[in-house]
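Just below is one structure, and these are the notes that go with it.
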Amino acid sequence: LLNNYYSPDSIYCGLVHHTVPGVEHSFGSAGHGLPVAIGMSLAKTLDMQKGKVFCLISDGELDCGTTWESALFASHHKLDNLVIIVDYNKLQAFGKTNEVLNLEPLVEKWRAFRWDVQETDGHNFKALLKAFRKLSLVKNKPHIIICHTVKGKGIPFAENKLEWHYYNLTEELYEKAKRAIC
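Per the numbering used here, the sequence shown starts with residue 173, numbered consecutively.
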């Protein structure tokens with residue numbers, strides 16, 4: 173898997189394709205995943221199917237108008253089977269999130285849109301599990317878990333470095349990264 177990640181012959185690239193096992197839809201532009209997830213959530217609700225729909229998005233996708241239109245739609249329809257997980261590492265494709273388009277106050281924005289909002293350390297599995305367990309406690313509201321993360325955490329040459337949004341690992345850098353986190 174990692175030997176050809178992000179290479180021309182890999183199915184695992186920056187924009188994952190729906191032919192990858194477990195990936196429901198292909199997306200080329202940021203901001204399109206949430207509207208699809210909301211459609212899936214609404215369909216489950218109308219069909220009275222149990223289960224949750226999870227949508228992982230980046231903080232950069234919060235710049236997109238479709239994200240906020242979708243957020244209003246989901247809260248209006250009280251889609252409590254919908255869970256957004258935001259990778260809030262404060263870096264996006266073109267720079268620091270607060271310089272490209274400042275999202276703060278992020279929690280208050282989502283609460284104003286009538287969402288159940290949780291914040292957690294996105295690197296702490298116990299904290300994430302605790303957040304997931306709380307989802308069933310709130311009814312008639314969609315859920316968002318804002319995960320505070322660090323891009324490239326634990327890998328000194330990549331941590332908080334914007335350029336690692338695009339770089340490929342060489343074999344040498346892969347070994348160096350492996351030593352840093354193992």
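The beta carbon of each residue, even a glycine, is placed where N, CA and C say it ideally should be.
None of these values were measured; they are calculated from a predicted model.
For residue i, the three-state DSSP class (helix, strand or coil)
| i | result |
| --- | --- |
| Ser-230 | strand |
| Val-279 | helix |
| Gly-237 | helix |
| Ile-316 | strand |
| Thr-292 | strand |
| Ile-327 | coil |
| Val-195 | coil |
| Arg-286 | coil |
| Ala-215 | helix |
| Gly-205 | helix |
| Tyr-346 | helix |
| Leu-309 | helix |
| Ser-247 | helix |
| Leu-273 | coil |
| His-190 | coil |
| Gly-341 | Inspection of the sequence shows that residue 341 is occupied by Leu rather than by Gly. Note: Leu-341 maps to coil in three-state DSSP. |
| Lys-333 | coil |
| Ser-242 | helix |
Those residues which DSSP pairs with residue i across a bridge
| i | result |
| --- | --- |
| Gln-221 | Beta-bridge pairing links Gln-221 to no other residue. |
| Gly-267 | Gln-264 |
| Val-259 | In the sequence on display, residue 259 carries Asp and not Val. Looking at the DSSP assignment, Asp-259 forms a beta bridge with Ser-230 and Cys-319. |
| Cys-254 | As written in the sequence, residue 254 is Leu, which differs from the Cys given in the question. According to DSSP, which records beta bridges pairwise, Leu-254 is partnered with Val-225. |
C-beta atoms of residue i and residue j nearer than 8 Å
| i | j | result |
| --- | --- | --- |
| Leu-362 | Lys-323 | This structure leaves residue 362 out entirely; the chain is present only between 173 and 354. |
| Cys-319 | Asp-252 | no |
| Val-208 | Lys-216 | no |
| Leu-218 | Leu-275 | no |
| Gly-267 | Thr-239 | no |
| Ile-316 | Val-289 | yes |
| Thr-321 | His-295 | yes |
| Asp-293 | Ala-299 | yes |
Status (buried if at least 16 other CB within 10 Å, exposed otherwise) for residue i
| i | result |
| --- | --- |
| Val-192 | exposed |
| Asp-231 | buried |
| Cys-227 | buried |
| Ala-330 | buried |
| Asn-340 | exposed |
| Ile-353 | exposed |
| Asn-332 | exposed |
Supposed close pair residue i, residue j - CB separation, criterion 8 Å
| i | j | result |
| --- | --- | --- |
| Gly-145 | Ile-229 | What is shown of the chain runs 173 to 354, which leaves residue 145 out entirely. |
| Arg-286 | Lys-313 | 6 Å |
| Val-279 | Glu-291 | 6 Å |
| Leu-254 | Ala-265 | That belief does not hold up - the Cβ atoms of Leu-254 and Ala-265 are roughly 25 Å apart, past 8 Å. |
| Leu-214 | His-248 | In fact, because the Cβ distance is near 11 Å, the residues do not count as touching under 8 Å. |
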